[in-house]
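Everything below concerns the one structure shown next.
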Amino acid sequence: MEKAPPCKNREEAFDLVKKLWIDANLSMNATKSELRSFIDLQLHKEHGWQDLDRDPCYLPSIQQTDVRLYLHLDGTIVIQRMEPGVHPILLHKLGANRLKGITLQPTEQRTPCKTS
Numbered sequence: 025m026e027k028a029p030p031c032k033n034r035e036e037a038f039d040l041v042k043k044l045w046i047d048a049n050l051s052m053n054a055t056k057s058e059l060r061s062f063i064d065l066q067l068h069k070e071h072g073w074q075d076l077d078r079d080p081c082y083l084p085s086i087q088q089t090d091v092r093l094y095l096h097l098d099g100t101i102v103i104q105r106m107e108p109g110v111h112p113i114l115l116h117k118l119g120a121n122r123l124k125g126i127t128l129q130p131t132e133q134r135t136p137c138k139t140s
């Protein structure tokens, strides 16, 4: 993920994480049926996403793991382990706009998030 170019918005960040998660799991011999819930995952409230109207939004658990995924409007990605009493950040990748010093507010988002 570190080698990928910075994402410009939340949707690009979602697409990048989804692709890399699927590719990594397939490379470790996971089957498509084991990954079906993640393959079908969309950036929708019905798929478990929280705070889609805020910055950041988050997915409380990736495939029933203790890993939480945060996506910011500016494309920043944060992956955090949610162990009891300890919450280490596993990855923090700045979005393209944050690297340029631009901070988007939820009302300024360029592509609306799907909430239904």
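Heads up: the sequence shown is residues 25 to 140, going by our numbering.
Ideal Cβ positions, reconstructed from N, Cα and C, are used throughout, including at glycine.
Beta-carbon gap between residue i and residue j smaller than 7 Å
| i | j | result |
| --- | --- | --- |
| Leu83 | Phe38 | no |
| Leu90 | Cys81 | The residue you asked about is not Leu; residue 90 is Asp in the sequence shown. Cβ atoms of Asp90 and Cys81: not closer than 7 Å. |
| Gly99 | Pro30 | yes |
| Arg34 | Leu95 | yes |
| Met25 | Leu50 | no |
| Ile86 | Leu97 | no |
| Leu65 | Ile46 | no |
According to DSSP, residues forming a beta bridge with residue i
| i | result |
| --- | --- |
| Leu107 | The question names Leu, but residue 107 in the sequence shown is Glu. Per DSSP, Val110. |
| Lys117 | Ile101 |
| Val91 | Arg105 |
Proximity test, residue i beta-carbon vs the ligand PLP heavy atom, cut-off 6 Å
| i | result |
| --- | --- |
| Asp79 | In the structure on display, the ligand PLP does not appear, and there are no ligands present to speak of. |
Within-7 Å CB hit, residue i to chain C
| i | result |
| --- | --- |
| Ser85 | The chain labelled as chain C is not found in the depicted structure, where only one protein chain is given. |
Per-residue burial, residue i [other beta carbons within 10 Å of its own, 16 or more giving buried]
| i | result |
| --- | --- |
| Asn53 | exposed |
| Ile103 | buried |
| Val41 | buried |
| Asn36 | Before going on, a small fix: residue 36 reads as Glu here, not Asn. Classification for Glu36: buried. |
| Asp77 | exposed |
| Ala63 | It is worth fixing the name first, because residue 63 is Ile in this sequence and not Ala. So Ile63 counts as exposed. |
| Ile113 | exposed |
Beta-carbon separation (whole angstroms), residue i vs residue j, contact threshold 8 Å
| i | j | result |
| --- | --- | --- |
| Gly119 | Lys27 | Contact flag wrong, Cβ pair sits at about 16 Å. |
| request: Scan the stretch 57 to 89 and note each continuous beta strand (DSSP E) run of 3 residues or more that stays entirely inside, going in chain order. | output: For the beta strand (DSSP E) assignment, the uninterrupted runs of no fewer than 3 residues enclosed by the stretch 57 to 89 are, from N- to C-terminal side, 81 to 83.
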